[in-house]
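Colleague:
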Amino acid sequence: MKVIICGAGQVGWQIARHLASESNDVTVVDHNPDLIRLATDTLDVQGVSGFASFPDILDRAGASDTDMIIAATHSDEVNMVTCQIAHSVFAINRKIARLRSQSYLSAIQTEAHQGEIFPIDVVISPEREVANAAMQRLSSPSAFDIKTFMNGRAQFIGISIAEDCPIVNTPLRQLTEIFSTLRTIVMAVRRDNNLFSPDPNDQLFVGDDCYLFTHADDIERTMKIFGKSQSSRENVIIVGGGNVGLEVAKTFETKTSRIRGKVIEKSRKRAERSAEQLERTIVLNGDGLDSSMLNEAGITRADALLAVTDDDKTNMLAAVRAKAAGCAMTISLINDPTLLPLMGPLGIDAYINPRAITVGSILRHIRYGRIKQVYSIGDAEAEVIEAEVLSTSPMAGKRLADINFPESVLIGGIKKNDTMICPVADTRIETGDIIAIFALTADVPEVEKLMQVSIDFF
Numbered sequence: 011m012k013v014i015i016c017g018a019g020q021v022g023w024q025i026a027r028h029l030a031s032e033s034n035d036v037t038v039v040d041h042n043p044d045l046i047r048l049a050t051d052t053l054d055v056q057g058v059s060g061f062a063s064f065p066d067i068l069d070r071a072g073a074s075d076t077d078m079i080i081a082a083t084h085s086d087e088v089n090m091v092t093c094q095i096a097h098s099v100f101a102i103n104r105k106i107a108r109l110r111s112q113s114y115l116s117a118i119q120t121e122a123h124q125g126e127i128f129p130i131d132v133v134i135s136p137e138r139e140v141a142n143a144a145m146q147r148l149s150s151p152s153a154f155d156i157k158t159f160m161n162g163r164a165q166f167i168g169i170s171i172a173e174d175c176p177i178v179n180t181p182l183r184q185l186t187e188i189f190s191t192l193r194t195i196v197m198a199v200r201r202d203n204n205l206f207s208p209d210p211n212d213q214l215f216v217g218d219d220c221y222l223f224t225h226a227d228d229i230e231r232t233m234k235i236f237g238k239s240q241s242s243r244e245n246v247i248i249v250g251g252g253n254v255g256l257e258v259a260k261t262f263e264t265k266t267s268r269i270r271g272k273v274i275e276k277s278r279k280r281a282e283r284s285a286e287q288l289e290r291t292i293v294l295n296g297d298g299l300d301s302s303m304l305n306e307a308g309i310t311r312a313d314a315l316l317a318v319t320d321d322d323k324t325n326m327l328a329a330v331r332a333k334a335a336g337c338a339m340t341i342s343l344i345n346d347p348t349l350l351p352l353m354g355p356l357g358i359d360a361y362i363n364p365r366a367i368t369v370g371s372i373l374r375h376i377r378y379g380r381i382k383q384v385y386s387i388g389d390a391e392a393e394v395i396e397a398e399v400l401s402t403s404p405m406a407g408k409r410l411a412d413i414n415f416p417e418s419v420l421i422g423g424i425k426k427n428d429t430m431i432c433p434v435a436d437t438r439i440e441t442g443d444i445i446a447i448f449a450l451t452a453d454v455p456e457v458e459k460l461m462q463v464s465i466d467f468f
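The opening position of the sequence shown corresponds to residue 11 in this note's numbering, with each subsequent residue numbered one higher.
#1: Can you give the Cα-Cα distance for Leu53 and Pro181, rounded to whole angstroms?
#2: Mapping the DSSP letters down to three states, classify His97 as helix, strand or coil.
#3: Could you give the residue range of the alpha helix (DSSP H) that holds Leu256?
#4: Taking Cβ to Cβ, would you say Ile274 is nearer than 8 angstroms to Leu288?
#5: Assess, as a yes-or-no matter, whether the stretch 389–400 is touched by the stretch 100–113 under the definition of 3 or more beta carbon pairs within less than 8 angstroms.
#6: Could you pull out every residue in the same chain whose Cβ sits closer than 7 angstroms to the Cβ of Gly237, ignoring the five residues on either side in sequence?
#7: Tell me, please, which residues DSSP counts as bridged to Leu205.
#8: Please state the DSSP three-state secondary structure of Glu391.
#9: Examine the Cβ distances between the stretch 358–374 and the stretch 416–430 and report whether three or more of them are shorter than 8 angstroms.
#10: Looking at the secondary structure, which residues open and close the beta strand (DSSP E) in which Asp35 lies?
#11: Which same chain residues, not among the five before or five after Ala334, have their C-beta less than 7 angstroms away from its C-beta?
#12: Taking its Cβ as the centre, do 16 or more other Cβ atoms sit within 10 Å of Val133, making it buried, or is it exposed?
#13: Please classify Ile413 as buried or exposed, where buried requires at least 16 neighbouring CB atoms within 10 angstroms.
#14: Which word fits Ser207, buried or exposed, when buried means at least 16 other C-beta atoms lie within 10 angstroms of its C-beta?
#15: Would you tell me roughly how many angstroms separate the C-alpha atoms of Arg278 and Ala338, rounded to the nearest one?
#16: Have a look at Arg243, Arg163, Arg193 and flag the residue whose alpha-carbon is nearest the alpha-carbon of Met145.
#17: Would you call the stretch 163–170 in contact with the stretch 217–225, where contact means no fewer than 3 C-beta pairs closer than 8 angstroms?
#18: Anyone know if the C-beta pair for Glu87 and Glu257 falls short of 8 angstroms?
#19: For Ser473, name the three-state secondary structure that DSSP assigns.
#20: Compare the beta carbon distance of Asp218 and Val199 with 8 angstroms and say whether it is the shorter of the two.
#21: Enumerate in chain order the residues of its own chain whose CB-to-CB distance from Met78 is below 6 angstroms, with the five nearest sequence positions on each side excluded.
#22: Return the first residue and the last residue of the alpha helix (DSSP H) that Gly22 is part of.
#23: If we require 3 or more residues per run, which beta strand (DSSP E) segments fall completely within the stretch 304–329?
#24: Compare the Cα-Cα distances from Arg331 to each of Leu350, Leu299, Lys265 and report the closest residue.
#25: Where do the ends of the beta strand (DSSP E) carrying Asn295 lie?
#26: Suppose contacts are defined by Cβ-Cβ distances below 8 angstroms. Is Leu315 in contact with Val249 by that definition?
#27: In this structure, how does DSSP classify Leu115 when only helix, strand and coil are distinguished?
#28: Taking Asp40 as the reference, which of Tyr361, Ala62, Gly296 has the closest Cα?
#29: Which runs of the beta strand (DSSP E) at least 3 residues long sit entirely within the stretch 150–180? Give them in chain order.
#30: Might you give, ordered along the chain, the residues of its own chain that have their beta carbon closer than 7 angstroms to the beta carbon of Thr83, omitting 5 neighbours on each side?
#31: To the nearest angstrom, how far is the alpha carbon of Asp453 from that of Lys459?
#32: Secondary structure at Asn142, three-state DSSP: helix, strand or coil?
#33: Are the beta-carbon atoms belonging to Arg409 and Asp443 less than 8 angstroms from one another?
#34: Whose CA, out of Arg438, Tyr385, Ala73, Thr451, lies closest to the CA of Phe159?
Here's what the structure looks like:
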């Protein structure tokens with residue numbers, strides 16, 4: 011597949027990295043020659059320096075015979091014009107754009123299917139994705155990572171194994187025997203900064219980060235078994251009133267569950283803008299790192315603090331200060347995955363990686379087959395892929411025990427019709443089943459071969 015990626019920033023670079031590793035013909039376009047040089051030096055991609063919205067630049071990038079264009083620059087306007095040029099001039103079949111402006115998003119929702127005003131096939135809104143991720147984190151305060159799969163029937167949950175975990179040093183195969191009705195699979199373990207998929211004889215140790223795939227009805231029981239408590243978060247302080255913080259606060263206001271939010275924003279202009287657009291949320295103009303400001307916001311009584319400024323270090327420091335002041339739970343927005351190992355030592359409970367969320371949202375529209383979701387783990391170390399099994403898949407009609415999966419691959423759950431089941435060796439994969447697959451990044455191409463279908467389904 012030939013793909014043009016417009017924007018060589020963090021999201022564009024990660025998308026290029028994924029697609030290039032899977033033997034796609036990738037060209038990256040960016041007006042910054044240094045970013046193009048970095049991409050071409052480190053990835054198996056071609057690069058073109060220039061503005062992606064210029065027809066001659068797209069022509070140099072090979073738009074005349076391109077299958078897909080992904081507009082992920084920092085400018086909504088550039089992304090929209092790029093898709094328009096790709097559609098009108100080069101007749102590119104598939105167009106994906108990352109858009110942040112609420113005004114554009116609202117217009118596209120009403121006009122996208124009423125002609126060619128906005129010829130964009132898929133719109134990705136990072137702010138909405140992050141807001142949804144924040145709600146999921148708050149719904150499971152004991153988890154540092156969480157993602158919903160199978161239309162809400164299952165969740166992928168990351169938890170840290172503490173000393174009070176009842177199942178420490180217990181082989182995983184024994185857990186299956188002891189809790190025979192529990193619909194939960196341990197899909198991955200991170201130990202000493204090494205991520206791996208466990209086998210039945212592996213044990214969990216204190217300090218491990220454990221990734222679980224569980225039926226939605228079994229979440230509470232699963233968390234208890236792993237020594238984690240579930241409690242609601244109703245009083246939340248948001249540090250950062252920019253696009254992300256504003257979208258999160260708006261999401262809080264639309265939820266039927268009562269969440270009382272307060273926003274702390276350092277910029278007076280942004281604080282005033284947020285106050286104008288929010289109805290029930292208190293907006294404070296001040297520094298989220300200032301102890302007096304946190305006290306004014308009621309940090310000692312807060313159930314959670316969500317730090318979502320555009321600076322990773324500010325978010326982490328705000329979380330540390332809130333924790334020291336007695337806040338029960340802290341969540342930081344972190345773009346740089348190399349900072350994630352610092353979360354434990356600093357006492358930060360959970361994180362949101364907008365880059366990984368956006369990359370996953372884009373990737374699910376690129377993969378072959380009926381890919382419904384792709385969730386990236388860590389620094390693009392592994393993926394959880396939710397996909398529909400089609401009749402042309404090599405897996406269709408076979409038992410799990412008879413499928414030649416790569417060593418790191420595990421099936422976390424299977425949805426047959428409307429029923430989510432926990433897979434075992436004798437489970438037979440049928441056409442139409444929805445499956446959730448964990449795979450280390452190196453094994454993703456092999457997983458895609460198992461999901462490969464004829465061109466009719468692409």
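Think of the CB as a built atom: it goes at the ideal place given N, C-alpha and C, for glycine as much as any other residue.
Modeller: The short version:
#1: 40 angstroms
#2: helix
#3: 253–264
#4: No Cβ-Cβ contact shorter than 8 angstroms links Ile274 with Leu288.
#5: no
#6: So the list reads Ala172, Asp174, Cys175, Pro176, once near-sequence residues are dropped.
#7: Arg200
#8: Note: Glu391 maps to coil in three-state DSSP.
#9: no
#10: Going by DSSP, Asp35 is part of the beta strand (DSSP E) stretching over 35–40.
#11: none
#12: Using a 10 angstroms sphere on the CB of Val133, the tally of other CB atoms reaches 16 or more, which defines it as buried.
#13: exposed
#14: Flag for Ser207 reads buried.
#15: 28 angstroms
#16: In terms of Cα proximity to Met145, the closest of Arg243, Arg163, Arg193 is Arg243.
#17: yes
#18: Their beta carbons are not under 8 angstroms apart, which means Glu87 does not touch Glu257 by this criterion.
#19: Because the chain spans 11 through 468 in this model, residue 473 falls outside it and cannot be assessed.
#20: Result yes, Cβ atoms of Asp218 and Val199 sit closer than 8 angstroms.
#21: Once the five neighbours on either side are set aside, the close Cβ partners of Met78 are Val13, Arg104.
#22: 20–31
#23: You should have 314–317.
#24: Looking at the Cα atoms, Leu299 is the closest of the given residues.
#25: 292–295
#26: In this structure, Val249 lies closer than 8 angstroms to Leu315 by Cβ.
#27: helix
#28: Ala62
#29: 155–159, 164–170
#30: Cys16, Gly17, Ala62, Asn89
#31: 10 angstroms
#32: helix
#33: no
#34: Tyr385
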